[in-house]
Amino acid sequence: MSKAVFPPATPNKGEKTVTDGKTQSFSTFATELGIPVWDLIEFNFPNSKNKPDVVNWYLFNKMGCRETTGDGYNYRFTAGMKVYYPTAATTPAPAPAPAVPPPATHPFRQGWTAQSITGFHRHVEQKALIFANTYAVVIDCADFAMQLLMDYAFANYLPVGFEYVGGLLRAEVESIVSIKRFRNDVNQRIGAPDLYNTSYHQTTRLPGLDATKTGDILSGPHHVIVVYKYPASIYVPQVSNYRQVLEVLQGNLDIQLPGIGDLATRVQHRAWDLKLAVGYVNLGNGWEVREDAVSTVQALVQEHVPKRWNFSWFNEIYGFPPV
1023 MSKAVFPPAT PNKGEKTVTD GKTQSFSTFA TELGIPVWDL IEFNFPNSKN
1073 KPDVVNWYLF NKMGCRETTG DGYNYRFTAG MKVYYPTAAT TPAPAPAPAV
1123 PPPATHPFRQ GWTAQSITGF HRHVEQKALI FANTYAVVID CADFAMQLLM
1173 DYAFANYLPV GFEYVGGLLR AEVESIVSIK RFRNDVNQRI GAPDLYNTSY
1223 HQTTRLPGLD ATKTGDILSG PHHVIVVYKY PASIYVPQVS NYRQVLEVLQ
1273 GNLDIQLPGI GDLATRVQHR AWDLKLAVGY VNLGNGWEVR EDAVSTVQAL
1323 VQEHVPKRWN FSWFNEIYGF PPV
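In terms of this note's numbering, the sequence shown is residues 1023 to 1345.
Dropping the structure here:
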């Protein structure tokens, strides 16, 4: 464990207090002070120059940072924290060097619990609709379902893993910066057939639609549907009535090319009537009847198995106890 001192032990130091963790950083402070940013970082965190992973370790272990930047790759300041800088009176004495380099901080510092699983379902309910009907998010159906999971998991340092024909894809990372590479691997290697495969452990089958919660999936051999709300009540102007439905979000629909198959599309906001063989679509201007949707919810569930992410298995492959 590092013995490096923070704040710097030298008396020849000034301090700046963070007032807005979203906009202030070492870079902004260095600009204000007129010194190179890495010199400022080195003054606060010895032996960290040009080593982002070591800086992240200090931010977490010495400053107590627990929030991350918007991209999720690094820790950030929060209001009230103090950053120190050398005063012009004298050159500050360096802080004692650590006996060994600080260990890398693995992003998965805890396993899933009943509380964090509830948090995931709530996260999808609160955040998933922002992806619907925007060309800013063009995504494959399986990738969309996994993105919702990974967005919540990595923001809360929770483990995930996926199985595919080549084996087990786990986030063997040494720092949170490597999460982007893991996401790319998941998008490239894991598809709907992998989430549907009953011999794989990343999902677990639910007894039926009544057991589903927001964020669960309906998994088919070639398609993945994210459950948004079940049951849900929506108003459909064409029928001048409220309908009880299964409300879902899904990508990878409607566009097919010969020899290629489905292409990634915008995330679709759809619903299936619980009593009639009718489907609905919301393109951002309210609910409309889908003339091409004549399937029932029962038929949909026969073709797409209700499943939940296997949170206990996620824990197991990283050495955490089951939920």
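Every residue, glycine too, gets a C-beta built ideally from N, C-alpha and C.
Quick caveat: nothing in here was measured; it's all calculated off a predicted structure.
Residue I1256 holds the alpha-carbon nearest to the alpha-carbon of L1296 among Q1290, L1271, I1256 and I1152. Sequence-distant partners of E1338 (beyond 5 residues in either direction) whose C-beta falls short of 7 Å from its own C-beta, in its chain, are P1344. For F1342, no alpha helix (DSSP H) segment is defined, and its DSSP state is neither H nor E. In this structure the region 1059-1073 does not lie against the region 1145-1162, because fewer than three pairs of beta carbons, one per stretch, are closer than 8 Å. Two segments are said to touch when three or more pairs of C-beta atoms, one from each, lie closer than 8 Å; by this definition the region 1080-1089 does not touch the region 1159-1172. Of Q1210, G1189, C1163 and Q1137, the smallest CA-CA separation from Y1174 is found for Q1137. Around the beta-carbon of T1039, fewer than 16 other beta-carbon atoms lie within 10 Å, marking it exposed. Under the DSSP assignment, P1215 falls in the alpha helix (DSSP H) whose first and last residues are A1214 to Y1218.
Counting only residues of its own chain and dropping the five nearest sequence neighbours on each side, L1180 has a CB closer than 8 Å to the CB of F1130, Q1132, G1133, W1134, S1138, Y1174 and F1336. I1239 sits close to L1217, with the two beta carbons spaced by under 8 Å. Separation of the CB atoms of L1231 and Y1252 is rounded to 6 Å, and the pair is thereby assigned contact status at 8 Å. With a minimum length of 3 residues, the unbroken runs of beta strand (DSSP E) contained wholly in the region 1250-1311 fall at 1263-1272, 1290-1295 and 1301-1304. Look at T1225 here: in three-state DSSP terms it is strand. DSSP places E1147 outside any beta strand (DSSP E); the residue lies instead in the alpha helix (DSSP H), whose first and last residues are A1136 to K1149. Assignment of Y1080 by DSSP, reduced to helix, strand and coil, places it in the helix class. Taking N1332 as reference, the option from A1254, Y1080 and T1225 with the minimal CA-CA separation is T1225. If you check the CB distance, A1315 and V1300 come in under 8 Å. DSSP places A1154 within a strand segment (E or B) once states are collapsed to three. Here the alpha carbon of D1207 sits roughly 47 Å from the alpha carbon of T1109. The C-alpha of R1098 is placed about 5 Å away from the C-alpha of T1090. For the 8 Å CB-CB criterion, E1313 and V1303 do not form a contact. Distance from the CA atom of N1078 to the CA atom of M1103, rounded to whole angstroms, is 15 Å.
For V1319, the closest alpha carbon among the candidates G1036, P1033, W1294 and F1051 is that of W1294.
Cα atoms of N1178 and G1141: separation of roughly 10 Å, rounded to the nearest angstrom. Setting aside the 5 residues that flank it on each side, T1156 is surrounded in the same chain by R1288 and V1289, each with a C-beta closer than 8 Å to its C-beta; the list follows chain order. For R1098, the three-state secondary structure derived from DSSP is coil. Considered as a whole, the region 1168-1196 harbours 1183-1186 and 1189-1192 as its complete beta strand (DSSP E) runs of no fewer than 3 residues, in chain order. For V1327, the enclosing beta strand (DSSP E) stretches over residues V1327 to W1331. With 16 or more other Cβ atoms from the protein chains shown falling within 10 Å of its own Cβ, P1030 counts as buried.
Secondary structure at I1201: helix, using DSSP grouped into helix, strand and coil. For G1188 against R1211, the beta-carbon gap comes to about 7 Å, under 8 Å, which counts as contact.
The C-beta of L1298 has fewer than 16 other C-beta atoms within 10 Å across all chains shown, which makes the residue exposed. Here S1241 is buried, its C-beta having at least 16 other C-beta atoms within 10 Å.
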